[in-house]
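In full-length UniProt numbering, the protein residues as written are 1 to 215. Glycine included, every Cβ here is placed at the ideal spot set by N, Cα and C. Take a look at the structure below.
Encoded structure:
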């Protein structure tokens, strides 16, 4: 009987020790981001609304969201940035979060113009940089080749330029990340707008930002 008791105690201790060791790891697994990793963001260097030079190194160690826009856009930009302000407010005061908004009309969007745009649109997170100061072809290359987010010339009714209504999510190491869809395919980008009645993905984006901040 004593041998059985000792065996039972021994097994109990093993189970207890395993639980102490394993449970935190299991919890940590579900708290970290199960998000697909795409290519690393290319190097960039622009001027922000405060006339400061901003590069991808300024975002190292930060989770950030990227968009391409222009301040005089009459169509989707106001809607996109209303969503981005909502994201900003969710992470206000978090030094490990940021936003990079690249202007696709750098000749028009001077730092002064972008400073006014920020003031008029509630942009006040210290890590939200409105970026300009490079020729259009450099911006288009960064958008179309670096981020695979379309930007280019467009119809006059769209302000003369076109760009996607998508946001890219970048992790602390500079890699584009995204969740998977219901079929197990990475979505790559998050819809800022309700495109074709599919709904936007801002709630999902916020959730995934929080996951990446824990990594």
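Restricting to Cα atoms, I'd like to know which of the options is closest to residue i.
| i | options | result |
| --- | --- | --- |
| residue 187 | 173, 126, 172 and 208 | 208 |
| residue 108 | 136, 98 and 140 | 136 |
| residue 124 | 97, 170, 68 and 138 | 97 |
| residue 147 | 102, 183 and 79 | 102 |
| residue 217 | 138, 165, 46 and 142 | Examination of residue 217 is not possible in this model, given that the chain is present from 1 through 215 alone. |
Does DSSP put residue i in a helix, in a strand, or in coil?
| i | result |
| --- | --- |
| residue 209 | helix |
| residue 189 | coil |
| residue 87 | helix |
| residue 146 | helix |
| residue 164 | coil |
| residue 76 | coil |
| residue 37 | strand |
| residue 204 | helix |
| residue 199 | coil |
Taking residue i as part of the alpha helix (DSSP H), name the residues at either end of that continuous run.
| i | result |
| --- | --- |
| residue 112 | 111-120 |
| residue 140 | 136-141 |
Give the C-beta separation of residue i and residue j to the nearest angstrom, bearing in mind that I take them to be a contact with Cβ-Cβ under 8 Å.
| i | j | result |
| --- | --- | --- |
| residue 114 | residue 132 | 6 Å |
| residue 85 | residue 121 | 7 Å |
| residue 61 | residue 172 | 5 Å |
| residue 151 | residue 104 | 5 Å |
| residue 100 | residue 140 | Contact doesn't hold; Cβ gap of about 16 Å is too wide. |
Within the same chain, show all residues whose beta-carbon is closer than 6 Å to that of residue i, passing over the 5 residues directly before and after it, in chain order.
| i | result |
| --- | --- |
| residue 49 | 111, 114, 115, 118 and 130 |
| residue 206 | 90 |
| residue 25 | Reliability of the predicted coordinates at residue 25 is poor, the pLDDT of 39 falling under 50, and no value is obtained from them. |
| residue 83 | 192 and 202 |
| residue 167 | 65, 67, 190 and 192 |
For residue i, which residues of its own chain have a beta-carbon under 7 Å away from its beta-carbon, when the five flanking residues on both sides are left out?
| i | result |
| --- | --- |
| residue 56 | 41, 43, 44 and 174 |
| residue 204 | 179 and 190 |
| residue 28 | Residue confidence for residue 28 is low, a pLDDT of 38 falling below 50, so the modelled location carries little weight; the figure read from the coordinates is stated next. Hits under 7 Å: none found. |
| residue 76 | 165 and 193 |
How far does the beta strand (DSSP E) with residue i in it extend, from its first residue to its last?
| i | result |
| --- | --- |
| residue 53 | 53-55 |
| residue 108 | From DSSP, residue 108 is part of no beta strand (DSSP E); its letter is neither H nor E. |
| residue 69 | 63-69 |
| residue 46 | 45-47 |
| residue 175 | 175-178 |
| residue 183 | No beta strand (DSSP E) holds residue 183; DSSP gives it neither H nor E. |
Under 8 Å Cβ to Cβ from residue i, same chain only, skipping five residues before and after it: list those, please.
| i | result |
| --- | --- |
| residue 181 | 187 |
| residue 94 | 213 |
| residue 38 | 175, 176, 177, 178, 186 and 188 |
Is residue i near the ligand GTP, in the sense that its beta carbon is under 7 Å from a heavy atom of that ligand?
| i | result |
| --- | --- |
| residue 198 | Among the ligands in the structure shown, none appear at all, so the ligand GTP cannot be discussed. |
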